[in-house]
Amino acid sequence: MSEAAEKPELNRVYEVPKMKGPELRVVRLKGGQMIACQVISDTFFGVEIHYDSRVRRSEPCVKPESACPGCQGKKPKKILYYLHVFSNHHGQCFVELTHATMLRVTEILEGEPSFRGKCLELRRTAADNGRMLVKMCETMVPRTNLPKPADPENTLRYLWEWGRK
Ligand SMILES: [Zn+2]
Numbered sequence: 008m009s010e011a012a013e014k015p016e017l018n019r020v021y022e023v024p025k026m027k028g029p030e031l032r033v034v035r036l037k038g039g040q041m042i043a044c045q046v047i048s049d050t051f052f053g054v055e056i057h058y059d060s061r062v063r064r065s066e067p068c069v070k071p072e073s074a075c076p077g078c079q080g081k082k083p084k085k086i087l088y089y090l091h092v093f094s095n096h097h098g099q100c101f102v103e104l105t106h107a108t109m110l111r112v113t114e115i116l117e118g119e120p121s122f123r124g125k126c127l128e129l130r131r132t133a134a135d136n137g138r139m140l141v142k143m144c145e146t147m148v149p150r151t152n153l154p155k156p157a158d159p160e161n162t163l164r165y166l167w168e169w170g171r172k
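Below, the structure written as structure tokens:
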């Protein structure tokens, strides 16, 4: 017997493979939770979704309507908004905002040409579906030193696909 047969060669790995899945996570605030963050995005990413309250999960609304299972099933629609942010607690992430919260953020930042660099404190009242309190804070890092804004589309597509299995 040859030496190779007695001692099969190991399948060595010479690089650390990236984990499967999105690089930036989506943060959804539950009741009583807060996030203090600095916005990296220039503007929000808004998307219509269908929410199925029986299974408590969302699926994207797609065009055309005839190709959207949610529209065909007459599932209720809502809009969700995402901002690429940095927080000391979560690092870089996408924070998910409801329509009411996004409205409040745009009111606070009214007249600002871009969200980038703004510091926000978002705090949800006790219930998971509770109101979100929005406060503007002192800027932490100058705008020009922030990372490049990221688009949440691939992350969201991944999450939607993932939840379905
Ligand atoms: Zn739809």
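In our numbering, the protein residues as written are 8 to 172. C-beta atoms are modelled at their ideal positions from N, C-alpha and C, and glycine is treated no differently.
Between residue i and ligand 1, is there a pair consisting of the residue's CB and a ligand heavy atom that are separated by less than 6 Å?
i      : result
Cys75  : yes
Cys100 : no
Cys68  : yes
Cys78  : yes
Using a Cβ-Cβ cut-off of 8 Å (strictly less than) and excluding sequence neighbours within five positions of residue i, which residues of its own chain qualify?
i      : result
Pro156 : Ile47, Ser48, Asp49, His91, Arg123
Ala107 : Arg138, Met139
Lys25  : none
Per DSSP, which residues does residue i bridge with? Please list them.
i      : result
Glu128 : Ala43, Lys142
Lys84  : His57
Pro67  : Ile56
Val102 : Val34, Leu90
Give every residue of the same chain whose Cβ lies closer than 7 Å to the Cβ of residue i, excluding the five residues on either side of it in the sequence, and list them in chain order.
i      : result
Met109 : Phe51, Tyr88
Trp167 : Glu66, Pro67
Glu55  : Cys68, Lys84, Ile86
Please state the DSSP three-state secondary structure of residue i.
i      : result
Tyr21  : coil
Ser60  : coil
Cys75  : coil
His96  : coil
Glu13  : helix
Glu160 : helix
Leu110 : helix
Leu166 : helix
Asn152 : helix
Lys172 : Any reading at Lys172 is ruled out, since the residue's pLDDT is 48, under 50, leaving its predicted position unreliable.
Residues in the same chain with beta-carbon distance under 6 Å from residue i, minus the five sequence neighbours each way, listed in chain order, please.
i      : result
Thr132 : Arg138
Pro159 : Phe52, Tyr89, Phe101
Gly77  : His57, Glu66, Cys68
Ser121 : Asp49
Glu22  : none
Lys37  : Asp135
Cys144 : Cys126, Glu128
Arg130 : Met41, Leu140
Ligand 3 heavy atoms versus the CB of residue i: any closer than 6 Å?
i     : result
Gly98 : Absent from the structure shown: ligand 3. Ligands present: ligand 1.
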